[in-house]
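Trainee: Pasting a structure below so you can have a look.
There are 2 protein chains.
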Amino acid sequence: MNKRPELTEQTRRNLRTAFWSLYTQKPLEKISVREITALAGYNRGTFYLYYQDVYDLLSQIEDELLDELQRLLKERLPGVLEHDLGAYMSFVVEINLIHAEYGAVLLSSRGDPRFAARFKELLAPVLRRYVLAGKGFSAAESELLLEYHLSGLQAMLARWLQDPGRISLEQFVGLVLRMFTGEAPAPHTFTKKGEDTP
Amino acid sequence: MNKRPELTEQTRRNLRTAFWSLYTQKPLEKISVREITALAGYNRGTFYLYYQDVYDLLSQIEDELLDELQRLLKERLPGVLEHDLGAYMSFVVEINLIHAEYGAVLLSSRGDPRFAARFKELLAPVLRRYVLAGKGFSAAESELLLEYHLSGLQAMLARWLQDPGRISLEQFVGLVLRMFTGEAPAPHTFTKKGEDTP
DNA sequence: CTGATAATACAACATGGTGTTCAGTGAACC
DNA sequence: GGTTCACTGAACACCATGTTGTATTATCAG
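Line order of the protein sequences matches chains A and B.
So the working numbering is basically just the index in the first sequence, starting at one, shifted up by 34.
So the working numbering is basically just the index in the second sequence, starting at one, shifted up by 34.
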């Protein structure tokens with residue numbers, strides 16, 4: 035099966051690209067299969083050879099992003115996290131920066147709440163253990179504070195991704211850590227590492 | 035026009051109630067005018083005598099809630115806020131508790147992002163002045179931290195409204211203030227920690 | 001080269017939602 | 001008792017959906 039893999043992949047990409055250029059302009063419910071295929075230059079029926087419906091297409095984009103994020107995070111989690119939450123968060127933010135074209139939209143208020151929810155779910159275990167644990171909160175309190183931090187982080191990250199030039203990555207991570215730990219670290223300057231960041 | 039105001043008001047209410055009972059069960063885009071009018075016991079055309087479309091109906095509910103919230107907050111702002119952010123936040127939370135039937139849905143992740151955005155916009159000035167001002171943050175940093183606090187508060191409030199019985203209002207406001215002020219113990223009398231299991 | 005196969009095109013169909021229109025009905029109001 | 005009002009019922013044009021059957025290519029195996 036699939037005698038022409040690179041052609042089908044191209045078609046898939048074309049549909050996805052057409053969809054995304056529409057999605058950056060208007061909400062999901064106003065995007066029709068007609069519009070996508072017209073923009074991509076295919077017959078409407080062709081769409082259904084690749085995707086069940088418009089939401090399925092969006093889901094596949096989201097799945098790819100989240101799968102990669104999870105994979106990368108799991109690689110780094112044991113080595114980095116234990117003694118350096120800051121480095122871990124830097125890594126999280128960097129990954130998002132790489133995929134900013136998608137992430138900035140999906141995580142924003144005009145994005146997909148389901149995506150944001152899954153993103154938060156990914157980070158929840160880390161926050162539970164390294165930000166909330168051992169501070170004497172009841173289970174109910176922890177749950178609420180976790181929601182505060184996760185939603186806050188997600189929204190702040192989304193906003194930063196809109197225009198990452200205004201604040202450096204280090205400064206941004208500094209703000210995140212400041213929120214995590216209360217008031218602890220210094221406000222502006224952050225310790226610089228030996229290497230440049232892309 | 036409108037010779038029988040109490041009849042038309044009743045119809046309006048019936049349509050709104052029918053819509054809301056559907057909206058608590060499924061997302062907006064899956065709710066049709068047909069469904070609403072069938073549930074309310076009216077002809078489909080009648081809907082269009084009162085609302086432009088389904089989103090218009092939702093908007094009217096949201097507008098009413100936000101208008102009342104804003105009105106109440108403006109009443110209390112000058113008297114209460116200056117010396118007691120805690121009392122002010124208590125008031126904010128109380129108002130939301132009164133309208134929990136709507137607020138708990140609209141503010142939740144399955145609610146309307148536009149509503150959440152407007153809700154946050156309402157509280158933004160207060161946070162800007164009483165939580166962020168005078169702490170030496172740059173404009174860009176303040177914007178990001180504001181986003182963190184607003185989104186965190188909104189999400190935590192939404193979650194609390196789902197089941198306000200688990201934590202008292204005072205305790206909840208204590209958590210909010212704790213997030214606002216860093217880690218400092220809350221001014222109000224609430225927590226007695228150390229007995230619950232973390 | 002040729003036949004098989006896979007990717008895509010094109011057209012048509014049934015379904016169901018949208019928003020609008022317009023004549024008609026019954027009850028409320030004056 | 002006639003008029004006005006709220007609502008009905010039915011129809012209309014439009015558009016999107018998802019599916020199907022048939023046709024047209026391009027690629028590959030033999």
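Think of the CB as a built atom: it goes at the ideal place given N, C-alpha and C, for glycine as much as any other residue.
How close, in whole Å, do the beta carbons of B:Glu96 and B:Phe149 come, if the pair is a contact with beta carbons under 8 Å?
Mentor: Along the second sequence, read from residue 1 onward, the residue named residue 96 of chain B stands at position 62. Along the second sequence, read from residue 1 onward, the residue named residue 149 of chain B stands at position 115. Rounded, the Cβ-Cβ distance is 5 Å, consistent with contact.
Trainee: Which class does A:His183 belong to by DSSP, given the choice of helix, strand or coil?
Mentor: Here residue 183 of chain A is taken as the residue at index 149 of the first sequence, counted from 1. It is helical.
Trainee: By how many angstroms is the C-alpha of A:Gly120 removed from the C-alpha of A:Glu155?
Mentor: In the first sequence, the residue the question calls residue 155 of chain A occupies position 121. In the first sequence, the residue the question calls residue 120 of chain A occupies position 86. A:Glu155 and A:Gly120: Cα-Cα distance of roughly 19 Å.
Trainee: What is the residue span of the alpha helix (DSSP H) that A:Ile129 lies within?
Mentor: Here the question's residue 129 of chain A lines up with position 95 in the first sequence. Residues 119-132.
Trainee: With a threshold of 8 Å between beta-carbons, can B:Leu187 be considered close to chain A, or not?
Mentor: As a position in the second sequence, residue 187 of chain B is number 153, starting the count at 1. B:Leu187 counts as touching chain A.
Trainee: Tell me where the alpha helix (DSSP H) around B:Tyr57 begins and ends.
Mentor: Looking up residue 57 of chain B in the second sequence gives position 23. Its alpha helix (DSSP H) spans residues 39-57.
Trainee: What is the DSSP secondary structure of A:Asp87, counted as helix, strand or coil?
Mentor: Here residue 87 of chain A is taken as the residue at index 53 of the first sequence, counted from 1. If DSSP states are grouped into helix, strand and coil, A:Asp87 belongs with coil.
Trainee: Since B:Gly137 meets chain A, which of its residues come closer than 9 Å, beta carbon to beta carbon?
Mentor: Against the second sequence, residue 137 of chain B aligns to sequence position 103. By Cβ distance, chain A contributes nothing, its closest Cβ being about 15 Å from B:Gly137, past 9 Å.
Trainee: Taking the alpha carbon of B:His133 as the reference point, which residue from B:Tyr164, B:Leu100, B:Asp146 has its own alpha carbon closest?
Mentor: Locating residue 133 of chain B in the second sequence gives position 99, where the first residue counts as 1. Checked all of B:Tyr164, B:Leu100, B:Asp146; the closest Cα to B:His133 is B:Leu100.
Trainee: Runs of 3 residues minimum, wholly inside the segment 132-162 of chain B: which ones carry the beta strand (DSSP E) assignment?
Mentor: If we require 3 residues or more, the segment 132-162 of chain B turns out to have no beta strand (DSSP E) run fully inside it.
Trainee: Going straight from the alpha carbon of B:Ile70 to that of B:Glu135, what length do you get?
Mentor: Indexing the second sequence from 1 puts residue 70 of chain B at position 36. Indexing the second sequence from 1 puts residue 135 of chain B at position 101. Going from the Cα of B:Ile70 to the Cα of B:Glu135 covers about 19 Å.
Trainee: Would B:Ile132 pass as an interface residue toward chain A - the criterion being a Cβ-Cβ separation below 8 Å?
Mentor: Locating residue 132 of chain B in the second sequence gives position 98, where the first residue counts as 1. No, B:Ile132 lies away from the interface with chain A (no Cβ there is under 8 Å from its Cβ).
Trainee: Please report the Cβ distance between B:Leu141 and B:Leu195, rounded to the nearest whole angstrom; I am assuming they are in contact, meaning their Cβ atoms lie under 8 Å.
Mentor: The count along the second sequence starts at 1 and reaches residue 141 of chain B at position 107. The count along the second sequence starts at 1 and reaches residue 195 of chain B at position 161. Yes, B:Leu141 and B:Leu195 are in contact; Cβ-Cβ is about 7 Å, under 8 Å.
Trainee: Do you know whose CA, among A:Gly145, A:Asp146, A:Thr51, A:Ser185, lies nearest A:Leu161's CA?
Mentor: Indexing the first sequence from 1 puts residue 161 of chain A at position 127. For A:Leu161, the nearest C-alpha among the options comes from A:Ser185.
Trainee: Can you give me the Cβ contacts of B:Ser55 inside the same chain, cut-off strictly under 8 Å, excluding the 5 residues immediately before and after it?
Mentor: Start at 1 with the first residue of the second sequence, and residue 55 of chain B comes out as number 21. These residues qualify, in order along the chain: Leu73.
Trainee: Assuming B:Leu91 contacts B:Tyr82 under a Cβ cut-off of 8 Å, what Cβ separation, rounded to an integer in Å, is found between them?
Mentor: Counting from one through the second sequence, the residue named residue 91 of chain B turns up at place 57. Counting from one through the second sequence, the residue named residue 82 of chain B turns up at place 48. The pair is not a contact, with the Cβ atoms about 11 Å apart (cut-off 8 Å).
Trainee: What residue range is occupied by the uninterrupted alpha helix (DSSP H) comprising A:Glu204?
Mentor: As a working mapping, residue 204 of chain A is identified with position 170 in the first sequence. First-last of the alpha helix (DSSP H) with A:Glu204: 203-215.
Trainee: Would you say B:Tyr182 faces chain A, with C-beta separation under 8 Å as the test?
Mentor: For this step, residue 182 of chain B is matched to residue 148 along the second sequence. Chain A, which has a Cβ nearer than 8 Å to the Cβ of B:Tyr182, makes this yes.
Trainee: So which residues on chain A does B:Arg5 lean against when the C-beta distance must stay under 8 Å?
Mentor: No answer is possible for residue 5 of chain B: the residues shown for chain B start at 35 and end at 232.
Trainee: Consult DSSP for A:Ile95 and reduce its assignment to one of helix, strand or coil.
Mentor: On the first sequence, position 61 is the one that residue 95 of chain A refers to. A:Ile95 falls in the helix class under three-state DSSP.
Trainee: Short of 8 Å in beta carbon distance, which residues of its chain neighbour A:Phe125, apart from the five on each side in sequence? Order them along the chain.
Mentor: Translated into positions along the first sequence, residue 125 of chain A becomes position 91. Result list for A:Phe125: Leu106, Leu107, Arg110, Val114, in chain order.
Trainee: Along chain B, in chain order, which residues have C-beta atoms closer than 7 Å to that of A:Leu209?
Mentor: Counting from 1 along the first sequence, the entry for residue 209 of chain A is found at position 175. The answer, in chain order, is Glu175, Leu178, Leu179.
Trainee: Roughly how many whole angstroms lie between the Cα atoms of B:Arg68 and A:Gly137?
Mentor: As a working mapping, residue 68 of chain B is identified with position 34 in the second sequence. As a working mapping, residue 137 of chain A is identified with position 103 in the first sequence. Answer to the nearest angstrom: the Cα atoms are 37 Å apart.
Trainee: Does any residue of chain A bring its CB to less than 8 Å from the CB of B:Gly168?
Mentor: By one-based count along the second sequence, residue 168 of chain B stands at place 134. Not an interface residue.
Trainee: Distance, Cα to Cα, B:Gly216 vs A:Gly216?
Mentor: Position 182 of the second sequence, counted from the first residue, corresponds to residue 216 of chain B. Position 182 of the first sequence, counted from the first residue, corresponds to residue 216 of chain A. Rounded to whole angstroms, B:Gly216 to A:Gly216 spans 4 Å at the Cα level.
Trainee: With A:Val67 as the anchor, note down where its alpha helix (DSSP H) starts and where it stops.
Mentor: Translated into the one-based positions of the first sequence, residue 67 of chain A becomes position 33. It spans 67-74 - the alpha helix (DSSP H) in which A:Val67 sits, taken as one unbroken run.
Trainee: Along chain A, which residues have their Cβ under 8 Å away from the Cβ of B:Met1?
Mentor: Absent from the structure is residue 1 of chain B, since the part of chain B shown begins at 35 and ends at 232.
Trainee: Looking at chain A, which residues of the segment 143-160 of chain B have a Cβ within less than 7 Å of any of its Cβ atoms?
Mentor: Flagged, chain order: Ser143, Pro147, Ala151.
Trainee: Look at the alpha carbon of B:Val207 and the alpha carbon of B:Leu178, and state the distance between them as a whole number of angstroms.
Mentor: Numbered from its first residue, the second sequence carries residue 207 of chain B at position 173. Numbered from its first residue, the second sequence carries residue 178 of chain B at position 144. If you take the alpha carbons of B:Val207 and B:Leu178, they lie about 22 Å apart.
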